[in-house]
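Peer 1: So for the sequence shown, the working numbering puts the first residue at 72; every next one is plus one. Cβ atoms here follow ideal geometry from the backbone N, Cα and C, with glycine treated the same way.
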Amino acid sequence: MRIAHLLRLLIGSFLVIFLMITVISLFFPSRVRISRAMNVKASQREIESPISDMRRWPEWNPFLDSVATGSIVYTGGDSLSPASLEVNNIQVNWIKKEASELICEMKGMRGKSVINGWQIIHHPQSDSTTVQWYMDFQLRWYPWEKFSSLLLEKSYGPQMEVGLNRLRRVIANNRSSN
């Protein structure tokens, strides 16, 4: 009798705590954007070139650092500019390619997608252009997804900063070689 009472108390307590955590997590946003930006002394076209060509991503994108170049599969588009790439069961497809904004969708094995975008903002009154790299995450209502969103900034933000700095160097090297 005591064990049954203790077991009901334990299960009831677990349910109450789970419900409280779920209710708290509902106050977290379902859409999270991580963003980094920097100014580059380059034209819009010079910045767009290494971003829009997926074959050049290993030069500057830190998310491809641990990937062997031969394991990246490029498909679609033409030989100069593929429409998608696949690496480690992650498919990356272009959604939009315009001069001022480039957007692609990354989709993993579980079907969850993350939007990667780059906005290129030219400042006519100066010699620099701002490039902003952002990642949009769409979260479900699950408490563990909502709470894990607190770590997205720490895990992706520094990598994006590294990527933007490498992109600046790639652009500078392209300018000096021309």
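1) Counting pairs of beta carbons, one from the segment 179 to 188 and one from the segment 204 to 211, are three or more of them closer than 8 angstroms?
2) If we require 4 or more residues per run, which alpha helix (DSSP H) segments fall completely within the segment 103 to 159?
3) State yes or no: is the C-beta of serine 171 within less than 8 angstroms of the C-beta of glutamine 162?
4) Pull up the DSSP beta-bridge partners for aspartate 56, would you.
5) Could you have a look at tryptophan 212 and say whether DSSP puts it in helix, strand or coil?
6) By DSSP, does leucine 97 sit in helix, in strand, or in coil?
7) Pairing CB atoms from the segment 230 to 247 with CB atoms from the segment 109 to 121, are three or more of them under 8 angstroms?
8) Who are the Cβ neighbours of isoleucine 122 in its own chain at under 6 angstroms, not counting the five residues just before and after it?
9) State buried or exposed for methionine 91, treating a residue as buried only when at least 16 other CB atoms are found within 10 Å of its CB.
10) Touching or not, the segment 138 to 150 and the segment 78 to 86, by the rule of three or more beta carbon pairs under 8 angstroms?
11) For asparagine 132, which residues in the same chain have their Cβ closer than 6 angstroms to its Cβ, ignoring the five residues on either side in sequence?
12) Which value, in whole angstroms, describes the spacing of the CA atoms of serine 142 and methionine 180?
13) Am I right that valine 202 and methionine 109 are in contact with their C-beta atoms under 8 angstroms? What's the rounded C-beta distance?
14) Within 10 angstroms of the Cβ of proline 153, are there 16 or more other Cβ atoms? Answer buried if so, exposed if not.
15) DSSP state of glutamine 162, grouped into three classes?
16) Look up histidine 194 in the DSSP assignment and say whether it is helix, strand or coil.
Peer 2: Inspection of the coordinates gives the following:
1) By the Cβ criterion, the segment 179 to 188 is in contact with the segment 204 to 211, since at least three pairs of Cβ atoms, one from each stretch, lie closer than 8 angstroms.
2) Taken in chain order, the complete alpha helix (DSSP H) segments of 4 residues or longer contained in the segment 103 to 159 are 115 to 123 and 128 to 131.
3) Between serine 171 and glutamine 162, the CB-CB gap reaches or exceeds 8 angstroms.
4) A query on residue 56 cannot be resolved here, the shown segment of the chain reaching from 72 to 249 and no further.
5) Tryptophan 212 falls in the coil class under three-state DSSP.
6) It is coil, neither helix nor strand.
7) Output reads yes: the segment 109 to 121 touches the segment 230 to 247.
8) So the list reads Leu173 and Trp189, once near-sequence residues are dropped.
9) Methionine 91 should be labelled exposed.
10) Of all C-beta pairs linking the segment 138 to 150 to the segment 78 to 86, fewer than three are shorter than 8 angstroms, placing the two stretches out of contact.
11) The answer, listed in chain order, is Gly234.
12) Those two C-alpha atoms are separated by around 17 angstroms.
13) Going by Cβ atoms, the distance from valine 202 to methionine 109 rounds to 6 angstroms, so yes, they are a contact pair.
14) With 16 or more other Cβ atoms from the protein chains shown falling within 10 Å of its own Cβ, proline 153 counts as buried.
15) The three-state reading of DSSP puts glutamine 162 in strand, counting E and B together.
16) Looking at histidine 194 - three-state DSSP - the assignment turns out to be coil, as it is neither helix nor strand.
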